[in-house]
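Quick notes on the structure that follows.
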Amino acid sequence: MPQCVHKTVPELKEDNIDVRCKEGKIIAVLKPLNTKVLSLVEDFAAPMTVWRNKAMGFFKTGFIATTERTISWLKNSVIPADNKLLFLIYVEDNLIGHFGLCNITSESAELDNAIRGEKGGKSDLFDYVENTILKIAFDELKVRCIYGRLFSNNFPAMSLHKRLGFIENSRSPLKLVKNQTEWEYIECSPEEANVRFQYIELILTRDNFKPFN
Amino acid sequence: MDVLKILFDSIDELNLDLDSEEKILKDENTVVFGENSGLDSIGLVNFITIIEERLEEETGHFVTIADERALSFEDSPFKTISTLRNYIEMLLNEQQGV
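Chains as they are written, first to last, in the working numbering: chain A, -1 to 211; chain B, 9 to 106.
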């Protein structure tokens, strides 16, 4: 078995990564957002904005995304960050979504911003995308554990995380607080909860990881 | 209670928000979750939410369909409309102490 070398976040932002299915065939390519793509940000910010608005119900903090806001987020919060990786997912040169890691430290990382915005590729493509990202985190970033935070009603994501070995670490009731353009789900006591679903933190350790390939 | 009718009514409601090529068929064999499902994650979660709301209207009780237990089955209860109906009927029977 080849010895994996520890890589830093900036190093991982340099190269594309193949996503392989169980049989070893390349089914997608992960392209990291880095300074080399700064001039192209405006091209993919538009579809990303559409996806973000469609998926906003899965995020703890919600707002109306605009292309300008997405560009600013990519340029200022994603690309220069040394604790965050965001990969664009390409299937046969078509951009179909993104997936990443945030809050990366020497000890841990957190799954972040998983959105399949377009149809295309295998139906279980995201299973292998997540599988690949978890391998990067364990084998190259060498973290000891990975967190997944999501709403309890997001059962497709929950199902995938659990098949890969995540276990529930905590569960909190939620209170939805809204103003005209933004909203936030705040962790609260059971008495204060005003939505049916909860906020779940899952955790995956190296020992519990059940890779698909 | 006619659970299949609730599921079909829920499909009608869900389809209102879907483009014509994305609309899902009112058929017991329609695949809901997994390979060959026409629904993406967002569609799936919306569909389950609609069903839970309709069940609450019918029964007066909130029935959680997608929870830890549902995910623990080796054969997913969300696989098709038919398996989902069976699972919901089981939940309702349990709730009624049958």
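We treat Cβ as the ideally placed atom computed from N, Cα and C, and that holds for glycine.
What you are looking at is a predicted structure, and each value in this text was computed from that prediction instead of being measured.
Quiz item: What residue range is occupied by the uninterrupted alpha helix (DSSP H) comprising Asn23 of chain B?
Solution: In the second sequence, the residue the question calls residue 23 of chain B occupies position 15. Val11 to Asn23 is the span of the alpha helix (DSSP H), which, as asked, contains Asn23 of chain B.
Quiz prompt | Contact list for the region 32 to 51 of chain B against chain A, Cβ threshold 8 Å | solution = Phe41, Gly42, Glu43, Asn44, Ser45, Asp48, Ser49 and Ile50
Quiz item: Where in the region 64 to 101 of chain B do unbroken runs of the alpha helix (DSSP H), each at least 4 residues long, occur, reported from the N-terminal end onward?
Solution: 76 to 80
Quiz prompt | 9 Å Cβ cut-off: residues of chain B touching Ser170 of chain A | solution = If you number the first sequence from 1, residue 170 of chain A lands on position 172. By Cβ distance, chain B contributes nothing, its closest Cβ being about 15 Å from Ser170 of chain A, past 9 Å.
Quiz item: CA-CA distance, Trp49 of chain A and Gln103 of chain B?
Solution: In the first sequence, residue 49 of chain A corresponds to position 51, counting from 1. In the second sequence, residue 103 of chain B corresponds to position 95, counting from 1. Approximately 38 Å, taken between the alpha carbons.
Exercise. Would you kindly work out how many angstroms separate the C-alpha atoms of Arg252 of chain A and Met98 of chain B, rounded to a whole number?
Key: Given that chain A is displayed from residue -1 to residue 211, the structure contains no residue 252 of chain A and the question cannot be resolved.
Practice problem: Mind checking which residues open and close the beta strand (DSSP E) that includes Leu86 of chain A? | Solution: Sequence index remark: in the first sequence, residue 86 of chain A carries index 88 (1-based). Note, Leu86 of chain A: beta strand (DSSP E), Leu83 to Val89.
Quiz item: Which residues of chain C have a Cβ atom closer than 9 Å to the Cβ of Ile56 of chain B, listed in chain order?
Solution: Considering every chain present, this structure includes no chain C. Its protein chains are A and B.
Quiz item: Taking only runs of the alpha helix (DSSP H) that begin and end inside the region 49 to 78 of chain A, which ones reach a length of at least 4 residues, in chain order?
Solution: 65 to 71
Self-check item: Exposure label - Leu22 of chain B; buried when at least 16 CB within 10 Å
Solution: Here residue 22 of chain B refers to the residue found at position 14 of the second sequence. Buried, by the Cβ-count rule.
Quiz item: Among the residues of its own chain, which have a CB less than 7 Å from the CB of Ser106 of chain A, if the five just before and after it don't count?
Solution: Residue numbering aside, residue 106 of chain A sits at position 108 when the first sequence is read from its first letter. Answer for Ser106 of chain A: Val141, Arg142, Cys143, Ile144 and Tyr145, listed in chain order.
Quiz item: Does the beta carbon of Leu79 of chain B sit closer than 9 Å to a beta carbon anywhere in chain A?
Solution: Numbered from its first residue, the second sequence carries residue 79 of chain B at position 71. So, interface residue.
Quiz item: So is Pro78 of chain A buried or exposed if we call it buried at 16+ other beta carbons inside 10 Å?
Solution: As a working note, residue 78 of chain A is residue 80 in the first sequence. Exposed.
Quiz item: Are the C-beta atoms of Lys23 of chain A and some chain B residue less than 9 Å apart?
Solution: Numbered from 1 along the first sequence, position 25 holds the residue referred to as residue 23 of chain A. It does not: the Cβ of Lys23 of chain A has no partner Cβ on chain B nearer than 9 Å.
Quiz item: Looking at C-beta atoms only, is the number of pairs between the region 72 to 82 of chain B and the region 28 to 39 of chain B that lie closer than 8 Å three or more?
Solution: no
Quiz item: Rounded to a whole number of angstroms, what is the C-alpha to C-alpha distance between Val39 of chain B and Ser90 of chain B?
Solution: As a first step, residue 39 of chain B is located in the second sequence; it is residue number 31 there, counting from the start. As a first step, residue 90 of chain B is located in the second sequence; it is residue number 82 there, counting from the start. If I take the Cα positions, the gap works out to 9 Å.
Quiz item: Less than 9 Å separating the beta-carbons of Tyr88 of chain A and Phe210 of chain A?
Solution: On the first sequence, residue 88 of chain A is found 90 positions in, with the first residue counted as 1. On the first sequence, residue 210 of chain A is found 212 positions in, with the first residue counted as 1. Taking 9 Å as the Cβ cut-off, Tyr88 of chain A and Phe210 of chain A do not qualify as a contacting pair.
Quiz item: Excluding the five sequence neighbours on either side, which residues of its own chain have a C-beta within less than 6 Å of the C-beta of Met46 of chain A, listed in chain order?
Solution: Along the first sequence, read from residue 1 onward, the residue named residue 46 of chain A stands at position 48. Answer for Met46 of chain A: Thr68, listed in chain order.
Quiz item: Going straight from the alpha carbon of Glu40 of chain A to that of Pro8 of chain A, what length do you get?
Solution: In the first sequence, the residue the question calls residue 40 of chain A occupies position 42. In the first sequence, the residue the question calls residue 8 of chain A occupies position 10. Approximately 22 Å, taken between the alpha carbons.
Quiz item: For the region 179 to 207 of chain A, which residues have a CB atom closer than 8 Å to at least one CB atom of chain B, in sequence order?
Solution: Arg194
Quiz item: Are any of the Cβ atoms in chain B nearer than 9 Å to that of Glu128 of chain A?
Solution: The residue you call residue 128 of chain A lines up with position 130 of the first sequence. Not flagged as an interface residue toward chain B: Glu128 of chain A, since no C-beta distance is shorter than 9 Å.
Quiz item: Along the chain, where does the alpha helix (DSSP H) that runs through Ile131 of chain A open and close?
Solution: If you number the first sequence from 1, residue 131 of chain A lands on position 133. Looking at the DSSP string, the run of the alpha helix (DSSP H) that includes Ile131 of chain A is Leu123 to Lys133.
Quiz item: How would you list, in chain order, the residues of chain B whose beta-carbon sits under 7 Å from the beta-carbon of Lys52 of chain A?
Solution: Position 54 of the first sequence, counted from the start, is the residue given in the question as residue 52 of chain A. Those are Ile50, listed as they occur along chain B.
Self-check item: Whole-angstrom distance between Ile50 of chain B and Gly163 of chain A, CA atom to CA atom
Solution: Indexing the first sequence from 1 puts residue 163 of chain A at position 165. Indexing the second sequence from 1 puts residue 50 of chain B at position 42. C-alpha of Gly163 of chain A to C-alpha of Ile50 of chain B: approximately 23 Å in a straight line.
Exercise. Starting from Val71 of chain B, find everything on chain A with Cβ-Cβ shorter than 7 Å and list it in chain order.
Key: Along the second sequence, read from residue 1 onward, the residue named residue 71 of chain B stands at position 63. Going along chain A, no residue has its Cβ under 7 Å from Val71 of chain B, so there is no contact; the nearest lies around 11 Å.
Self-check item: Sequence-distant residues of the same chain with beta carbon closer than 6 Å to Thr213 of chain A, five excluded per side
Solution: Nothing about residue 213 of chain A can be read from this structure; chain A reaches only from -1 to 211.
Practice problem: Under 9 Å between beta-carbons, which chain B residues line up against Asp122 of chain A? List them in chain order, please. | Solution: Translated into positions along the first sequence, residue 122 of chain A becomes position 124. By Cβ distance, chain B contributes Gly42 and Glu43.
Quiz prompt | Sub-9 Å separation of Leu52 of chain B and Phe153 of chain A beta-carbons | solution = Locating residue 52 of chain B in the second sequence gives position 44, counting from the first residue. Locating residue 153 of chain A in the first sequence gives position 155, counting from the first residue. Cβ atoms of Leu52 of chain B and Phe153 of chain A: closer than 9 Å.
Quiz item: Start and end of the beta strand (DSSP E) containing Glu166 of chain A?
Solution: Against the first sequence, residue 166 of chain A aligns to sequence position 168. Where Glu166 of chain A is concerned, the enclosing beta strand (DSSP E) stretches over Ile165 to Ser170.
Exercise. Give a yes or no on whether the C-beta atoms belonging to Asp110 of chain A and Leu132 of chain A are separated by under 9 Å.
Key: Start at 1 with the first residue of the first sequence, and residue 110 of chain A comes out as number 112. Start at 1 with the first residue of the first sequence, and residue 132 of chain A comes out as number 134. The answer is no: Cβ separation not under 9 Å.
Exercise. Compare the C-alpha of Ile285 of chain A against each of A:Ile184, A:Trp71, A:Leu93 and A:Leu38 and name the closest.
Key: This structure cannot speak to residue 285 of chain A, because chain A is shown only from -1 to 211.
Self-check item: Spatial distance of Met(-1) of chain A from Gly22 of chain A (CA atoms)
Solution: Here the question's residue -1 of chain A lines up with position 1 in the first sequence. Here the question's residue 22 of chain A lines up with position 24 in the first sequence. With a pLDDT of only 48 at Met(-1) of chain A, under 50, the local geometry of the prediction cannot be trusted, and the value read off the model is given with reservation. Taking the straight line from one Cα to the other gives about 16 Å.
Quiz prompt | Limits of the unbroken alpha helix (DSSP H) element including Ser150 of chain A | solution = Counting from one through the first sequence, the residue named residue 150 of chain A turns up at place 152. Note, Ser150 of chain A: premise wrong, no alpha helix (DSSP H); not H, not E.
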